[in-house]
Each structure stands twice: as structure tokens, then as C-alpha cells.
Amino acid sequence: MGMAEKGSKALRKLKSVAQKRASSLPAGNLINAVVDQVNQFETGIKQTVDGVQDKVKGLQANLLKMYQANKELEQENRELSKTMVRLEKDNTHLTMQLDRTQMELDVLKAKLENIGKLVSGYEESIAAVTRSNKPKRK
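Position 34 of the sequence shown, counting from 1, maps to 34 under this note's numbering, and the rest follow consecutively.
Put into C-alpha cells, the structure is as follows:
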């Protein structure tokens, strides 16, 4: 039994005894008035305790909601982390493909330049041959 329960029980006993004896004592009205004040004080304390208990229950409910929200956020964070890792892998793969494609493009560009030079060289050779094969005017 807690201290509050022991005190409450003792107070009830004291009030009961005081009220029984008050009728036979000359100051009975005074004793009854004190008992009434004690009852009012006790009621005030009970209301305060009830109010505190209600607040504690409200805080516990809020704490539970916050705990659940935190768990959900942790789960979402884990999922986002997994997604981020997957996206980083995809990004690395795409970057490698882009680098390979750029190298292939550079090779094809160099080949195209070489072909252009060859064509230009052939055109010059053909033009030179054509000039030299023209009949000379006499």
C-alpha cells in the first residue's frame, strides 16, 4: 500500500471518528466545519490528481504516436537509402556507358577525318591527272 493510500485511509478514519464524537461535544459544529473543509481539500486534491493523470495519459498517447511516426520514418529512410544505393549503381553504370560511347564517337570522328583527308587527296590527284591529260593547245 502506497503512502497516498495509507494517508487517505487514515484521513477517512479520522473524519469518521471526529464526526461521531462531534455531536456529543460542545464544539461539534466547529468539528463538522473542519471536517467539511478537509473534505473539500481532499476533493480538490483528487481533482488535481485526476487532471494530472489525464495529462499524463495524453502525453503517453502523444509519445506513442511520435514513436510510431519515428518507426515509419526510419523504415522510409531505410527504403530511401536502398533506393539511393541502387541509383548510385545505375549512375555509375550509365557513366561508364557514356564514357565508352564518347570514346567510340571520338574514334569514329577520327576515322571520318581520315576519310575526308583521303577523299581530298584523291580529288587533288584526280584534278592533277585531269590537268596533265588535257590536250595542249598548239
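We put the beta carbon where it would ideally sit given N, CA and C, even for glycine.
*May I ask you to check if the CB of M103 is nearer than 6 Å to at least one heavy atom of the ligand FAD?*
The ligand FAD is not part of the structure shown, which contains no ligands of any sort.
*When the Cβ atoms of the segment 33-49 are set against those of the segment 72-83, are three or more pairs found closer than 8 Å?*
no
*How about V35 and K55: do their beta carbons lie closer than 7 Å?*
Here residue 35 is taken as the residue at index 35 of the sequence shown, counted from 1. Here residue 55 is taken as the residue at index 55 of the sequence shown, counted from 1. Taking 7 Å as the Cβ cut-off, V35 and K55 do not qualify as a contacting pair.
*C-alpha distance - A61 paired with L94, whole-angstrom precision*: To locate residue 61, count along the sequence shown from 1; it is residue 61. To locate residue 94, count along the sequence shown from 1; it is residue 94. Distance between the alpha carbons of A61 and L94 is about 49 Å.
*Terminal residues of the continuous alpha helix (DSSP H) containing A27?*
The residue you call residue 27 lines up with position 27 of the sequence shown. Per DSSP, A27 belongs to no alpha helix (DSSP H) and is neither H nor E.
*From K65 to K71, what does the alpha carbon distance come to, in whole angstroms?*
Within the sequence shown, numbered from 1, the residue matching residue 65 stands at position 65. Within the sequence shown, numbered from 1, the residue matching residue 71 stands at position 71. So the two alpha carbons sit approximately 10 Å from each other.
*Determine whether the Cβ of E123 lies closer than 7 Å to any Cβ atom of chain B.*
Of the protein chains in this structure there is only one, and it is not chain B.
*On a CA-only basis, which of R12, L80 and S23 is nearest Q40? Give me that one, please.*
Against the sequence shown, residue 40 aligns to sequence position 40. Of the listed residues, the one whose Cα sits closest to Q40 is R12.
_At the level of alpha carbons, what is the spacing between T130 and E123?_
Within the sequence shown, numbered from 1, the residue matching residue 130 stands at position 130. Within the sequence shown, numbered from 1, the residue matching residue 123 stands at position 123. For T130 and E123, the distance between alpha carbons rounds to 10 Å.
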